[in-house]
Amino acid sequence: MAMANVSIDSIRNERDLEVFIRDHVETNDAYRTVFKGVIKNVSDILKNNIKGKYRPDEVLKTGSIAKGTAVKGKSDVDLVFLLSRTEYQSIDQLYADLQTILEYIKDALNTFPQFRNVRVQPRAVSFQTDCREPGTGHAHVMDVDILPAVNFGDADIKSIHSQMRGTTNDKRNLYTPSLSKWQRDFIKKDRTEQLKKLIRFVKYWKNVCVERSPSSFGLELLIIFLWEKDHKPQQFKLTNALRKVMETIADTKNIRVEFFEYYNQEFQQRGYSVPYIIDPVNPYSNEAAKCRWDEISREASKFLQKPLLKNSTSKFI
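If you're matching positions, the sequence shown starts at 167 in our numbering and goes up one per residue.
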């Protein structure tokens, strides 16, 4: 599963870690420019080739590239297909028309040969396309999911949570892409570059070391939670923070993550078993349920034995 010729095992100290992240983990301006170009092309095709009721108001870029936590060589992107606000004002309307909307999206993409393996999933259309890096001409595959969503505009998110409370699980799942702009803003807001470096490296480590790589979003939330508990320092040693993260992942009984920024304890869900990591904008979504904790905990325990962390302190300092 290696994503670079240089092994993580070559990292011996803080300086090595900084250099490794710069050279092998972080994306560069050229990569981001090409990536954004591919996304714009997809967005324009959807807007120009789907007419009438199902034409999107906007195609919103979400996921790690939008949040500033993308990892080199790992090109998964979610595009939220925001439906017309004049045609769709509720999740009930989206739920009724979902399969028709997905078929329209699939048909629009299938007319363009650069989009391969176009498939309708239960709540999305997925496909692959090439992302070609400038200069080298090297191309890697970009996996894209397009998720239809209701455009809630400037609605009060607490009123949306109230709607979610009284609906079914199937319909609640459709709220998640509709809440994506709040989710994106939560990850981006007041997050220091040092924190983003840490998030990128942990995601890179997960992609390399865990055979069936779990969801990255849960790990992003866990790292932010640990950083906030240590009083949100602007600067810290990456090795210290990395020890804190790996110790927490290795011992999952301490993973109890909730944020009460977009909802209060009135919406707190009961009955989640440990570990749990609750989506900060969706109180009904436990991101920890999407992780393979047995495998990722085992790999974290191994990582704690590496020379890189020998003299580190388990704290964001």
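Every residue, glycine too, gets a C-beta built ideally from N, C-alpha and C.
Secondary structure at E377: coil, using DSSP grouped into helix, strand and coil.
For R464, there is no enclosing beta strand (DSSP E); the residue is found in the alpha helix (DSSP H) stretching over W459 to F469.
Between the alpha carbons of K337 and Y220 lies a distance of about 19 Å. Contact between Y261 and L340 holds, with the beta-carbon distance rounding to 6 Å and staying under 8 Å. N215: member of the alpha helix (DSSP H) spanning D195 to N215, first to last residue.
At a Cβ-Cβ threshold of 8 Å, L385 and K363 do not count as neighbours. Look at H397 here: in three-state DSSP terms it is coil, with no helix or strand label. By alpha-carbon distance to V243, the top candidate from N283, R181, K202 and I257 is K202. Look at the segment 395-435 and you find these whole runs of alpha helix (DSSP H), each 4 residues long or longer: 404-416. Residue environment for I483: exposed (fewer than 16 other C-beta atoms within 10 angstroms of its C-beta). M308 is bridged by DSSP to T295. Restricting attention to D182, I231, E180 and R378, the CA atom closest to the CA of I205 is found in I231. Cβ neighbours of S382 within its own chain (closer than 6 Å, five residues either side excluded): K369.
Excluding five sequence positions before and after V172, the CB atoms of its chain that fall closer than 8 Å to its own CB belong to F186, D189 and H190, given in chain order. Pairwise C-beta distances place the segment 349-364 out of contact with the segment 313-330, as fewer than three of them are shorter than 8 Å. Assigned with DSSP and collapsed to three states, E253 falls in coil, not helix or strand. Membership of K227 in the beta strand (DSSP E) is indicated by the continuous run P222 to T228. For V185, the enclosing alpha helix (DSSP H) begins and ends at E180 to F186.
Assignment of beta-bridge partners to I323 by DSSP yields no partner. DSSP places D258 within a helical segment (H, G or I) once states are collapsed to three. Using a Cβ distance threshold of 8 Å, L183 and P222 do not count as a contacting pair.
I174 is not bridged by DSSP to any residue.
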